[in-house]
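Protein sequence lines correspond, in order, to chains A and B.
At position 91 of the first sequence (counting the first as 1) the number is 113 in my numbering, and the numbers step up by one without a gap.
At position 104 of the second sequence (counting the first as 1) the number is 126 in my numbering, and the numbers step up by one without a gap.
Every residue gets a Cβ at the ideal spot worked out from N, C-alpha and C, and that includes glycine.
Bear in mind that the values here come from a model prediction, so they are computed numbers and not experimental data.
Read the structure below first, then the notes.
2 protein chains.
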Amino acid sequence: MLPLSHHDITEAVQRTDGALVRTPVIESADLNARFSEAGATGARVLLKCENLQHTGSFKYRGAMSACLALSKMERECGVATHSSGNHGRALATVALSLGIPCTVVVPSNASSTKVAAIRAVGATIVESGPTLEERENTLTDVVSRTSMTVVPPYNHPHVMAGQGTCAVEFHEQTKERDCTLDTLITPIGGGGLLSGIATWMHHRSPSTTLLGSEPELAGDAALSFHTQTLQPQMPPITIADGLRTGVGPLPFEVIKAYVQDIFTTSEDAIIQCMKMVWETARIIIEPSCAVPIAALLAGKQSDGSAVDLSRFAGQTIGVVITGGNVDLEHLPWEDRTP
Amino acid sequence: MLPLSHHDITEAVQRTDGALVRTPVIESADLNARFSEAGATGARVLLKCENLQHTGSFKYRGAMSACLALSKMERECGVATHSSGNHGRALATVALSLGIPCTVVVPSNASSTKVAAIRAVGATIVESGPTLEERENTLTDVVSRTSMTVVPPYNHPHVMAGQGTCAVEFHEQTKERDCTLDTLITPIGGGGLLSGIATWMHHRSPSTTLLGSEPELAGDAALSFHTQTLQPQMPPITIADGLRTGVGPLPFEVIKAYVQDIFTTSEDAIIQCMKMVWETARIIIEPSCAVPIAALLAGKQSDGSAVDLSRFAGQTIGVVITGGNVDLEHLPWEDRTP
Chain A
23 MLPLSHHDIT
33 EAVQRTDGAL
43 VRTPVIESAD
53 LNARFSEAGA
63 TGARVLLKCE
73 NLQHTGSFKY
83 RGAMSACLAL
93 SKMERECGVA
103 THSSGNHGRA
113 LATVALSLGI
123 PCTVVVPSNA
133 SSTKVAAIRA
143 VGATIVESGP
153 TLEERENTLT
163 DVVSRTSMTV
173 VPPYNHPHVM
183 AGQGTCAVEF
193 HEQTKERDCT
203 LDTLITPIGG
213 GGLLSGIATW
223 MHHRSPSTTL
233 LGSEPELAGD
243 AALSFHTQTL
253 QPQMPPITIA
263 DGLRTGVGPL
273 PFEVIKAYVQ
283 DIFTTSEDAI
293 IQCMKMVWET
303 ARIIIEPSCA
313 VPIAALLAGK
323 QSDGSAVDLS
333 RFAGQTIGVV
343 ITGGNVDLEH
353 LPWEDRTP
Chain B
23 MLPLSHHDIT
33 EAVQRTDGAL
43 VRTPVIESAD
53 LNARFSEAGA
63 TGARVLLKCE
73 NLQHTGSFKY
83 RGAMSACLAL
93 SKMERECGVA
103 THSSGNHGRA
113 LATVALSLGI
123 PCTVVVPSNA
133 SSTKVAAIRA
143 VGATIVESGP
153 TLEERENTLT
163 DVVSRTSMTV
173 VPPYNHPHVM
183 AGQGTCAVEF
193 HEQTKERDCT
203 LDTLITPIGG
213 GGLLSGIATW
223 MHHRSPSTTL
233 LGSEPELAGD
243 AALSFHTQTL
253 QPQMPPITIA
263 DGLRTGVGPL
273 PFEVIKAYVQ
283 DIFTTSEDAI
293 IQCMKMVWET
303 ARIIIEPSCA
313 VPIAALLAGK
323 QSDGSAVDLS
333 RFAGQTIGVV
343 ITGGNVDLEH
353 LPWEDRTP
């Protein structure tokens, strides 16, 4: 039995009613033209703009879903997590809005901008060493001294269900446009978003092909998918900082059941596509959100063969834009311009 | 009698049906928080995202409205205009889509990104000097040698009516959110957008306070408004390249009738607010679109006194985000970072 059902997502929608931004779906004629030129003639690309979610990422959905599922006593004791980025910011902001104490374990090498954003919403910050093991050990230490509930970034049914609420909206919004998603592609880091979305879409739109995408440098999900066996995290060096983590075991069970493939792409393609989306769609997206676009335009399938973009000709392709938190003082193309 | 009525805008809506993006209205909790912190406690800021219109600006509305009003013979002879960027790009793209020949006169100080975009859609480009007079003289020269119809950037009822279609959507979209705009503020360059919007809003939402905004360095509209006499264009040096032009006489008649005030703001405030909107609302906006935000947060009224932001406390403030065409290789804050 899978760890998540569409009923869990329906419950998450009800639980979070009124607490989330119904993020817009946008379409750019200029972006569509790039896809046509590259071989997907006549394809339409619909962008589900989770960069316009509260705190600038889809992580807010999972954090809100998880916190609203807590008992009164659990809320009084508070929540904790480890994160150097969007999940920590989302959880801290949700906790502030619900009056829940919040502690975020932050690795010593985290960007000071991101730590400042977490601190700004009133969370207690505890610094740990930089490795995943050190982060987890510090978090274990924090919760063992308190009665806080850990809200993990992805490997939890309430979090996965919360991320899945994005698919409920996206599916409604495509129906409002009198179209159906032929393909839906998301980035994959820990897999919370993709597993939540896949659970809903498999149930409500079974004709939609579901794809994940990740950087080659963080290609554990594609390797896990290809071998059907969970593979360890790779060294966290990709520019797509939201996707450095390994896939969680619970999301992986869902992904094996419902997802057709996981594509990978290069660092150069990610940076080029990030800039291209800024120019054509006029929205701020993180490197992680450029990954699905780059994986379609210049990617590999999980078996290592090149993605044939012409297979998407004439299709309506849904892409989840996962976040828009970028350090505007250090844009990745600045160092690469002649 | 004014040069524009709400019937003209209704006709423009009918004429352009299906040819425009119904651009989303977005709201950012982070941006609202900046307004609260600055004195407009509890204010909500709704952004009407014309940066997500075809060609990345509201100019597409006016160009489409004007071209669809041409006779078959006029279409065959072609259209011409002068433009510092967005209007030229919009007209050239509309012309391409309707199969109309197009020539664009471009001032020598136009953004190179914008000129490249005009060229990319197949328009003929003719360069002129930077002042309005030089631009108009060159355009007169072009059309005297051909039978082309001039589609001016703002001083024309069909163009003003086309820009006004933006207000029809914005008004509907605020009703869908069960709210009413207490204030609606736009940038003002030539005044086509503000006059079109003011005509519709005065008729359909008379309780909404209508404001214009412009850079101090291009403060001819505020001076014209204060003196109730059309003043000449100022030297075109503001970073807000879309607002360097002087106000047109037709828009000015409408603005005198319906607009409550025109605010001005400094170059530094424009750049800071542009970056702040990128960070809080996660959309790409041009310097011109930062002007209304900067004028509210750090502006002057047309009589020279400071804007008191506390007067907007608790209000729903509509801001038209006019365009998102920016040269990502040269962002204005890069040179100013220590």
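(request) At 8 Å on the CB atoms, spell out the chain A contacts of G9/B, in chain order. (result) Residue 9/B cannot be examined here, being either before or after the span of chain B that is shown, 23 to 360.
(message) I need the boundaries of the alpha helix (DSSP H) containing C89/B, first residue and last residue.
(response) K81 to L90
(request) List the residues of chain A that L74/B touches, going by C-beta distances under 7 Å, in chain order. (result) I48 and R304
(message) Could you check whether S79/A and A112/A sit closer than 8 Å to each other, using their CB atoms as the reference points?
(response) For the pair A112/A and S79/A, the CB atoms are nearer than the 8 Å cut-off.
(message) Which residues in chain B have a C-beta closer than 9 Å to the C-beta of A51/A? List them in chain order.
(response) V43, H76, T77 and T115
(request) Compile a chain-ordered list of the residues in the region 188-202 of chain A whose CB is closer than 7 Å to at least one CB of chain B. (result) none
(request) Identify the continuous alpha helix (DSSP H) that holds V143/A and give its terminal residues. (result) No alpha helix (DSSP H) contains V143/A, which DSSP labels as neither H nor E.
(message) Just checking: is the beta-carbon of E59/A within a distance shorter than 8 Å of some beta-carbon in chain B?
(response) no
(message) I'd like to know if the region 42-55 of chain B and the region 303-312 of chain B are in contact, where contact means that at least 3 CB-CB pairs between them fall below 8 Å.
(response) yes
(message) Below 8 Å on the Cβ atoms is my contact criterion, and I expect V127/B with A117/B to pass it. Report the Cβ-Cβ distance as a whole number of Å.
(response) Incorrect: roughly 14 Å between the Cβ atoms, too far for contact.
(message) Quick check on E308/B: buried or exposed, where buried means 16 or more other Cβ atoms within 10 Å of its Cβ?
(response) buried
(message) Does the CB of L350/A have a neighbour CB from chain B at under 8 Å?
(response) yes
(message) Against K5/B, what residues of chain A qualify as contacts under a CB-to-CB distance less than 7 Å, listed in chain order?
(response) Since the displayed chain B opens at 23 and closes at 360, residue 5/B lies outside it and no answer follows.
(message) Beta-carbon within less than 6 Å of I259/B's beta-carbon, same chain only, minus the 5 sequence neighbours each way: which residues are those?
(response) L239
(message) Under DSSP, the alpha helix (DSSP H) around I219/A begins and ends at which residues?
(response) G214 to R226
(message) Helix, strand or coil for D283/B? Go by DSSP, reduced to three states.
(response) It is a strand residue.
(request) Determine the burial state of G121/A: buried for a count of at least 16 other Cβ atoms within 10 Å of its Cβ, exposed for fewer. (result) Looking at its Cβ environment, which holds fewer than 16 other Cβ atoms inside 10 Å, G121/A is exposed.
(request) Compare the C-beta of A301/B with all C-beta atoms of chain A and state if any pair is closer than 8 Å. (result) The sequence given here places Glu at residue 301/B; Ala does not occur at that position. Interface residue, yes.
(request) Have a look at H28/A and A189/A and give me their C-alpha separation to the nearest angstrom. (result) 11 Å
(message) Going by DSSP in three states, R66/A sits in which element: helix, strand or coil?
(response) In the structure shown, R66/A sits in a strand (DSSP, three-state: E or B).
(request) Mind listing, in chain order, the continuous beta strand (DSSP E) runs of no fewer than 3 residues lying wholly within the region 170-214 of chain B? (result) 205-209
(request) Express the C-alpha separation of H225/B and H352/A in angstroms, rounding to a whole number. (result) Taking the straight line from one Cα to the other gives about 47 Å.
(message) Short of 6 Å in beta carbon distance, which residues of its chain neighbour P46/A, apart from the five on each side in sequence? Order them along the chain.
(response) Answer for P46/A: C71, listed in chain order.
(request) Using alpha carbons as the reference points, say which of C124/B, Y280/B, E33/B and A316/B lies closest to A142/B. (result) C124/B
(request) Could you pull the start and end residues of the alpha helix (DSSP H) that S119/A belongs to? (result) First-last of the alpha helix (DSSP H) with S119/A: N108 to L120.
(message) Taking its Cβ as the centre, do 16 or more other Cβ atoms sit within 10 Å of A328/A, making it buried, or is it exposed?
(response) That one is exposed.
(message) Quick check on the DSSP output: the alpha helix (DSSP H) that includes I29/A runs from which residue to which?
(response) According to the sequence as given, residue 29/A is His; it is not Ile. H28 to R37 is the span of the alpha helix (DSSP H), which, as asked, contains H29/A.
(request) Look at the Cβ atom of A262/B, then the Cβ atom of I210/B, and state whether they are nearer than 8 Å. (result) Not in contact: A262/B and I210/B (Cβ atoms no closer than 8 Å).
(request) With DSSP collapsed to three states, give me the class of G368/A. (result) Residue 368/A is absent from the model: chain A starts at 23 and stops at 360.
(message) Could you give the first and the last residue of the continuous alpha helix (DSSP H) run that contains T249/A?
(response) D242 to T249
(request) Can you say whether W355/A is buried or exposed, counting buried as having 16 or more other CB atoms within 10 angstroms of its CB? (result) Around the Cβ of W355/A, a 10 Å sphere holds fewer than 16 other Cβ atoms; the residue is exposed.
(message) I'd like the span of the alpha helix (DSSP H) that includes P123/A, first residue to last.
(response) Neither: P123/A is in no alpha helix (DSSP H) and is coded neither H nor E.
(message) Check whether the region 85-92 of chain A and the region 175-192 of chain A are in contact - that is, three or more C-beta pairs closer than 8 Å.
(response) Contact between the region 85-92 of chain A and the region 175-192 of chain A is present, because at least three Cβ pairs lie under 8 Å.
(request) Please state if the CB of N73/B and the CB of G345/B are separated by a distance shorter than 8 Å. (result) yes
(message) I'd like to check one pair, I219/B with V341/B: are the Cβ atoms closer than 8 Å?
(response) Taking 8 Å as the Cβ cut-off, V341/B and I219/B do not qualify as a contacting pair.
(request) Figure out for me which residue from S106/B, G84/B and A320/B has the closest Cα to the Cα of I293/B. (result) A320/B
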